[in-house]
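2 protein chains.
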Amino acid sequence: MNRTQATIRDVAARARVSTATVSRVVNEDTRVAAATRDRVLAAVEALGYKMNQVARSLKKGATRTVGLVAPELASDFFMLLAESLDRELSIHGYSILVCSSWETVEEEKKRIKLLSERLVDGIVMIPATDQGRHLRSLQASGTPLVFIDRIAKGVAADAVLVDNEGGAREATLALVADGHRRIGFLGGSLEVSVARERYEGFTRAMRESGLEVEDAFTRFGSLHVESGFRIMAEMLARPDPPGAYFIVNADTHVGATNYLMTEGRERRDGIVFASFDEMPYSPLLQLCRWSVSQPIAEMGRQAARILLARMRGEGGSPELLRLGTTLLRH
Amino acid sequence: MNRTQATIRDVAARARVSTATVSRVVNEDTRVAAATRDRVLAAVEALGYKMNQVARSLKKGATRTVGLVAPELASDFFMLLAESLDRELSIHGYSILVCSSWETVEEEKKRIKLLSERLVDGIVMIPATDQGRHLRSLQASGTPLVFIDRIAKGVAADAVLVDNEGGAREATLALVADGHRRIGFLGGSLEVSVARERYEGFTRAMRESGLEVEDAFTRFGSLHVESGFRIMAEMLARPDPPGAYFIVNADTHVGATNYLMTEGRERRDGIVFASFDEMPYSPLLQLCRWSVSQPIAEMGRQAARILLARMRGEGGSPELLRLGTTLLRH
DNA sequence: CTGTTAGCGCCTTCAG
DNA sequence: CTGAAGGCGCTAACAG
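Note that the protein sequences, when read in sequence, are chains A and B.
Note that the numbering used here gives residue 89 to position 89 of the first sequence, counting from 1, and the numbers run on in steps of one.
Note that the numbering used here gives residue 520 to position 190 of the second sequence, counting from 1, and the numbers run on in steps of one.
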């Protein structure tokens, strides 16, 4: 085994052709005589030649790489998305460079800069916040950007979202139809567009049903398990808490249910949830009556489709896709 | 905004220095006069210069990128690992290129080739199977490789594993101590080292306790939710199923519990689980009495540590790390 | 302290 | 159908 990797030159020398011909062969250019091609391929085989994609990228100004930026990597939503994106993009020869923004704009900015220096051909991102001004320079440089799940302001990019307001409204109306009149809201900060839209769907459904949205029955936290645990505990510490709740996402839902599991059975009797997200472990969420299922894999497919089109150079004004959700009864 | 990205040359021209000086400044080389540095930095600012990392990588023969290959991206274990790795590696300026092997060696081989062509500086992988012969050429090329969670045969690489046998044994012994004598095993294929080792821990504990491992009480599937659901159903379809089970991982556990949730309460009364993995939703796994918690974040940290050392060029024989697990009572 | 120069490995006209 | 040659943007000797 040779210490150093064979280059296109070594192959050329061995096959007694020029590097241009080797390049043509390995790139499947048709304008090469069959005999020459065979000689080149034999040399490739013999030397264990492997193309240096970095050199190729430098020459072509494109890397066949897309960046994926998310506020955190350890979330069910993110991983399903990443899997869907990988499936779609790898078919077309793209690799995925993942990075976490740790839920802050500053870190997001750094990641974007990094990706941009690495000449990624496109970026898919779940923005950490509503703020999108730091993405301007990216756009100016011509790198396609597709938002997914959430959207940031101040920058015109394609986006694949779900109908958060509609889904939340539907779920809340289902609780109302079940006869609940005192309904609480357990959710994430309104600064995150997803949480805000779901809150709006909730309040709209309440208003349409002639019900009051009581501040005392509303709790905002982050979108994490611990937050769900805490705000559920806070809620139940109140004198007369509601029996039904709309919950903003899966993690909050898990946290809230976890809290109730630490309490006695009598404490959770008569408590009912309607919640965003349907996960493999959803059947275990005993208090869940309604869940709003998001088409996560489809979001990944659509984002990949749009990004691929942009990377192919297809122009046009930004596409804003809002996919529907499905209400499930448990 | 200029149509084309400024290069080191544009900066050099504007600052009236050579490209070498610009290179020194942007690479924080100290041997540059303060006045010159300032002029260069001003030009960098004015032109919005951004280093082309692809060109840099070509020149240096290193990309500050590590590949992460896993059988699937959509698993809680994988995503926690990815997060931990990203945290550790990004500190040192490395980015992560993720790809899925879709649980097959052929696909794994393709991904490895891709990563290797992209000149990643190192690879962390959860092998899809025991087979590791296709990783030989990678090793020969000098790219450091660290296995995590599982290990493949036929190739000498560093590995970060957990004590699967010990953890499974401990959990099984706990069930025995609770008075159970008829204990079933719900698990993954023995061709996956993780499942095989846990099965061995289970049988060892049974043997040590003077108990029989009955084939009729043993079910192998994949390591997924659906598999857990199915094998639990199969087990309970038997005339006289056991009341206690050791379950090989979180997904199988969720699947098995999901199945029991579809059945009446009387059906699951008296059924108890001991299982590998502790997840945020674990409190919802009502039938779980004992769980074996894996230090996933620590595995990521250790893998990153080893990989960074290898990428720094530190030699030595492969390091095989086996981290301990923690038995938790529920 | 700064500049000149020679590539890293590949692609791509342009000739032949 | 094939070869020669000039970079892509950056770094690293080597001079000065």
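Beta carbons are placed, not taken as given, at the ideal position from N, Cα and C, and that holds for glycine.
Residue environment for Ile91/A: exposed (fewer than 16 other C-beta atoms within 10 angstroms of its C-beta). As the crow flies, the alpha-carbon of Leu651/B is around 48 Å from that of Ala156/A. Only exposed fits Glu214/A, as fewer than 16 other CB atoms lie within 10 angstroms of its CB. The C-beta distance from Pro283/A to Asn588/B rounds to 4 Å, short enough to fall under 8 Å. Excluding its 5 nearest sequence neighbours in each direction, Asp460/B has C-beta neighbours in its own chain below 7 Å: Ala482, Lys483, Glu521 and Ser523, listed in chain order. The stretch 48-63 of chain A makes no contact with the stretch 71-81 of chain A; the number of CB pairs closer than 8 Å stays below 3. Arg56/A is positioned such that its CB atom lies no closer than 8 Å to that of Asp121/A. Any Cβ of chain B closer than 8 Å to the Cβ of Lys50/A would place that residue at the interface, and such an atom is present.
Between Leu85/A and Ala244/A, the C-beta gap is not smaller than 8 Å, which leaves the two residues out of contact.
Ile112/A and Ala336/B have their alpha carbons spaced roughly 18 Å apart. Along the stretch 602-619 of chain B, going in chain order, the ones with a CB nearer than 7 Å to a CB of chain A are Pro610, Tyr611, Pro613, Leu614 and Leu615. Take Arg537/B, set aside five residues on each side of it, and the residues of its chain with a beta-carbon closer than 8 Å to its own are Val543, in chain order. Counting along the chain, Met51/A sits inside no alpha helix (DSSP H), nor does DSSP assign it H or E at all. Within chain A, the residues Met79 have their CB atoms less than 9 Å from the CB of Phe408/B, given in chain order. Assigned with DSSP and collapsed to three states, Met125/A falls in strand. Ser116/A reaches chain B at Lys380, counting residues in chain order whose Cβ is nearer than 7 Å. Going by beta carbons, Ala507/B and Leu657/B fall outside the 8 Å limit. Counting only residues of its own chain and dropping the five nearest sequence neighbours on each side, Glu437/B has a CB closer than 8 Å to the CB of Ser430, Ser431 and Ala458. The beta carbon of Arg133/A lies closer than 6 Å to those of Gly154 in the same chain, with the five residues before and after it left out. Listed in chain order, the beta strand (DSSP E) elements of length 3 or more contained wholly in the stretch 233-261 of chain A are 244-247.
8 Å or more divides the Cβ of Ala546/B from the Cβ of Phe576/B. Boundaries for Ala297/A: no beta strand (DSSP E) harbours it, while the alpha helix (DSSP H) harbouring it runs Ile296 to Met311, taken from the DSSP string. A direct Cα-Cα distance of roughly 6 Å separates Ala12/A from Val22/A. Against chain A, a Cβ distance below 7 Å from Gln335/B picks out Ser141.
Residue range Leu145 to Ile148 is occupied by the beta strand (DSSP E) that includes Ile148/A.
Nearest to Gly517/B by C-alpha distance, out of Val492/B, Gly551/B and Trp620/B, is Gly551/B.
Only exposed fits Asp570/B, as fewer than 16 other CB atoms lie within 10 angstroms of its CB. When the five nearest sequence neighbours on each side are left out, the beta carbons in the same chain lying within less than 6 Å of the beta carbon of Gly397/B are those of Leu427, Leu445, Val450 and Ile453, in order along the chain.
In the structure shown, the three-state DSSP call for Ile442/B is helix. With respect to chain A, the C-beta atom of Ser420/B has a partner C-beta closer than 8 Å. Rounded to whole angstroms, Trp620/B and Gly93/A show a C-alpha spacing of 44 Å. Contact annotation for Thr326/A against chain B: no contact, minimum CB-CB distance about 19 Å [criterion: below 9 Å]. Around the beta carbon of Ala195/A, 16 or more other beta carbons lie within 10 angstroms, which makes this residue buried. DSSP places Ala70/A inside the beta strand (DSSP E), whose first and last residues are Thr65 to Ala70. Look at Asp86/A: its C-beta is under 8 Å from a C-beta on chain B. Short of 6 Å from the beta carbon of Glu170/A, and not among the five residues preceding or following it, lie these beta carbons of its own chain, in chain order: Leu327.
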